[in-house]
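Residue numbers (our numbering): 17 to 338.
We put the CB at the ideal spot given by N, CA and C, even for glycine.
What you are looking at is a predicted structure, and each value in this text was computed from that prediction instead of being measured.
Below is one structure, written out as structure tokens, with a few remarks after it.
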């Protein structure tokens with residue numbers, strides 16, 4: 017197995033960066049243009065506390081759909097699994113992440129899962145709080161605990177762009193209201209969703225979210241259990257089956273650990289019991305996943321033997337008596 021070092025990560029970045037040429041930058045985001053297409057950075061934090069970084073790991077980008085992990089955790093905390101999955105499904109889908117057709121083409125009008133836009137909007141409506149400000153403050157308090165970064169903030173520029181370019185998401189929300197799936201104020205649910213997407217993070221912050229999942233939902237400083245294990249299992253399972261949009265099956269096979277991507281080029285990876293991975297690679301494919309970042313995730317999985325379904329991991333578990 018490859019030894020994890022900063023030098024190894026630099027080599028992995030160089031091997032993966034050329035894949036950015038097959039992607040495109042999401043120009044709807046502020047300051048996103050062709051000049052950042054080749055950015056690629058990674059941070060890995062192990063459960064032993066070791067931290068390794070390489071490439072453009074200090075670049076801050078919007079969370080976008082990686083925020084759906086945090087939103088789902090809060091909704092599960094507030095209402096429990098049964099209530100959350102009355103509102104949204106838990107099945108993968110073969111359509112695009114912002115599809116509206118699936119809401120009207122099947123027997124149920126609820127979104128397929130919490131990792132697509134419609135599902136995340138429905139989930140955001142379940143986060144408790146008397147006002148949008150209070151709900152978003154809860155989101156930020158929880159995210160800052162998970163990342164151990166009190167400096168995290170929402171970008172007003174990204175938030176305004178989210179609202180200005182949010183016609184498809186508004187369509188999804190109002191359609192769900194028309195079918196009774198979304199029972200709270202539509203504009204408030206949308207506003208919270210736009211705010212969550214607009215929080216700026218770097219590779220280290222994304223890796224800390226992955227590490228939080230890998231370490232069983234513990235506060236990384238105090239050791240306090242911030243989310244019950246049964247909710248954590250639900251989140252990781254949904255990430256594995258649906259976190260990489262309609263390439264999730266491919267990543268389940270080729271990477272083999274829970275991941276979540278965003279159209280900003282962000283990726284959060286969590287290798288249970290071993291490490292959290294944060295990737296920034298703004299060039300994305302037509303499905304919304306970072307092209308260079310995806311190549312890097314798969315390389316890390318192979319070289320570091322992270323695939324949960326791999327022979328090596330199975331043998332290690334039996335050897336350790338698990």
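- Annotated as proximal: residue 82 and residue 276, with beta-carbon spacing under 7 Å.
- Minimum Cα-Cα distance from residue 288 among the listed residues 308, 303, 309, 317 corresponds to 317.
- Between residue 260 and residue 305, the C-beta gap is smaller than 7 Å, which places the two residues in contact.
- Going by beta carbons, residue 105 and residue 129 fall inside the 7 Å limit.
- Boundaries of the beta strand (DSSP E) around residue 276: 275 to 277.
- Annotation for residue 287: the continuous beta strand (DSSP E) segment containing it runs 282 to 287.
- Annotation: residue 200 is outside any alpha helix (DSSP H) and is labelled neither H nor E by DSSP.
- Straight across, the Cα-Cα distance linking residue 188 with residue 134 is about 6 Å.
- Per DSSP, residue 257 is one residue of the alpha helix (DSSP H) stretching across 245 to 258.
- Bounds of any alpha helix (DSSP H) do not take in residue 291; it lies within the beta strand (DSSP E) bounded by 291 to 296.
- Classified as exposed, residue 146 has fewer than 16 neighbouring CB atoms from the shown chains inside 10 Å of its CB.
- For residue 22, DSSP records no beta bridge to any residue.
- Where residue 223 is concerned, the enclosing alpha helix (DSSP H) starts and stops at 219 to 230.
- Closest in C-alpha terms to residue 85, from the list 238, 158, 49, comes 158.
- For residue 62, there is no enclosing alpha helix (DSSP H); the residue is part of the beta strand (DSSP E) that begins and ends at 57 to 62.
- In the displayed model, residue 41 falls within a strand according to three-state DSSP.
- Every unbroken stretch of the alpha helix (DSSP H) spanning 4 or more residues and falling wholly within the region 142 to 210 is given here in chain order: 148 to 163, 172 to 180, 183 to 195.
- Residue state for residue 87 is assigned as helix, using DSSP reduced to three classes.
- Taking 7 Å as the cut-off, the beta carbon of residue 292 is found closer than this to the beta carbon of residue 223.
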